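Quick note, the numbering used here runs 2 ahead of the 1-based positions in the sequence shown.
Backbone N, C-alpha and C fix where the C-beta goes; we use that ideal spot for every residue, glycine too.
Since the model is a prediction, treat every value here as computed from it, not as a measurement.
Beneath this line is the structure, given in C-alpha cells, with notes to follow.
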Amino acid sequence: MDYLGQEAWQAVALSLKVAFWATVLSLPLGIVTAYALARGRFVGRQILNGLVLVPLIMPPVVTGYLLLLTFGRQGPVGGLLYDWFGVTLAFRWTGAALAAAIMAFPLMVRAIRLAIEAVDPKLEDAAATLGASRLRVFCTVTLPLIAPGIIAGAVMAFAKAVGEFGATITFVSNIPGQTQTIPSAIYAFLQVPGGENAALTLVVISITLALGAVALSEWLARRVAHRISGK
C-alpha cells in the first residue's frame, strides 16, 4: 500500500462512487427492460433485446466515442443538457457513471430477466383473476420472487462498472482526481517508469472488489431466497 499515493486512492474512491450511481440509477430501467423482454409480446421486442446486448458486442471504445458524439458539449443531447440545465457529462465523473451504466446494463438485465422467466406465470395469473392490477401483481407477486435475481444483477453490474475502462476513458478521459478510475489509474501507472508496483497493488484491489461483489451477491441472494421460502 505504500506505493499508492493520494491520486491512486482517489481513483479507488471515484470508482466506487461511479459504480454505485451507475448501478442505482440504471436499476429501475433494468427491471422494466428485463420484464418487457421476459413477459412482453410486442413488435420490436427482438430489436430491444439487440439494443440491450449491443454494449457487449461492440468494442468499448466505440461505445465511448458514440457517447462523446451524443452527450458531448456539441452533441445533440449533451448540447441540450448544457443549454437548458447547465449539465456537462463529457470529461466529468457523471459521464463516467453513464458510460459504466451502459456497459454494465446487459449483465444486469440478463440476471433479472432469467429470474423473471423462472417465475411460474400461473402464479401471476392467479393473482390477476382475483382482481389485482398488473402493477399490483408485479409488486406483490413477481417482485418478491425475483428479488434474488435483482440483487445478483445489481451486484454484478456494480462489479462491471468498477472495472469499466474503454468506454469511460474515451468519453471522460483520464483526469486524476476527476475522472480517473481504477482501470485508468492502472493504465497511467504502467506508462511511467517505476509505476509497476502501484499498478499491481491497484490490480489486487480491483480483483478483491470483484470477488467481494460476487460473494456478496451470492450471500444476499441466498438470504432473500430463504426468507421468501420461509426457511
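Helix, strand or coil at Gly7 [DSSP, three-state]: Along the sequence shown, read from residue 1 onward, the residue named residue 7 stands at position 5. Coil at Gly7, not helix or strand.
Between the segment 167-179 and the segment 62-70, are three or more C-beta pairs nearer than 8 Å? By the Cβ criterion, the segment 167-179 is in contact with the segment 62-70, since at least three pairs of Cβ atoms, one from each stretch, lie closer than 8 Å.
Quick one: grab the DSSP three-state call for Val194. As a working note, residue 194 is residue 192 in the sequence shown. Here Val194 sits in coil by DSSP.
So, under 8 Å CB-CB, Ala234 and Val139 are touching, yes? Tell me the CB distance rounded to an integer number of Å. Past the boundaries of the shown model lies residue 234; the chain is included only from 3 to 233, so the question cannot be answered.
Which residue spans inside the segment 153-181 form an unbroken beta strand (DSSP E) run of at least 3? The segment 153-181 contains no whole beta strand (DSSP E) run of 3 or more residues.
Segment limits, alpha helix (DSSP H) that includes Val79: Counted from its first residue, the sequence shown places residue 79 at position 77. Its alpha helix (DSSP H) spans residues 78-87.
Does the beta-carbon distance from Ile148 to Ala40 come in below 7 Å? Within the sequence shown, the letter at position 146 stands for residue 148. Within the sequence shown, the letter at position 38 stands for residue 40. No, the pair does not count as a contact, with Cβ atoms beyond the cut-off.
Is it buried or exposed, Ile59, if we count other Cβ atoms within 10 angstroms and call 16 or more buried? Counted from its first residue, the sequence shown places residue 59 at position 57. Ile59 sits exposed, since fewer than 16 C-beta atoms from the chains shown fall within 10 Å of its C-beta.
The segment 182-200 / the segment 8-17 touching (three or more Cβ pairs under 8 Å): Under the Cβ criterion (8 Å, minimum of three pairs), the segment 182-200 counts as touching the segment 8-17.
Could you have a look at Gly214 and say whether DSSP puts it in helix, strand or coil? The sequence position of residue 214 within the sequence shown is 212, counting from 1. Gly214 falls in the helix class under three-state DSSP.
Grab the span of the alpha helix (DSSP H) containing Asp127 for me, first residue to last. On the sequence shown, position 125 is the one that residue 127 refers to. 123-131 is the span of the alpha helix (DSSP H), which, as asked, contains Asp127.
Tell me whether Phe140 sits in a helix, a strand or coil according to DSSP, three-state version. Here residue 140 is taken as the residue at index 138 of the sequence shown, counted from 1. Phe140: helix per DSSP, three-state reduction.
Verify the contact flag: Tyr37, CB atom, against every heavy atom of the ligand MG, threshold strictly below 6 Å. Summarising the ligand content, the structure contains no ligands, and the ligand MG is consequently not present.
Can you name, in chain order, every residue of its own chain whose Cβ lies under 7 Å from the Cβ of Arg75, other than the five neighbours on each side? On the sequence shown, position 73 is the one that residue 75 refers to. The beta carbon of Arg75 sits closer than 7 Å to the beta carbons of Gly81, Tyr84, Thr90, Ala92 from its chain, once the five residues preceding and following it are set aside; these are given in chain order.
Within the continuous alpha helix (DSSP H) that includes Val45, where are the two ends? Here residue 45 is taken as the residue at index 43 of the sequence shown, counted from 1. That residue, Val45, is in no alpha helix (DSSP H); it is neither H nor E in DSSP.
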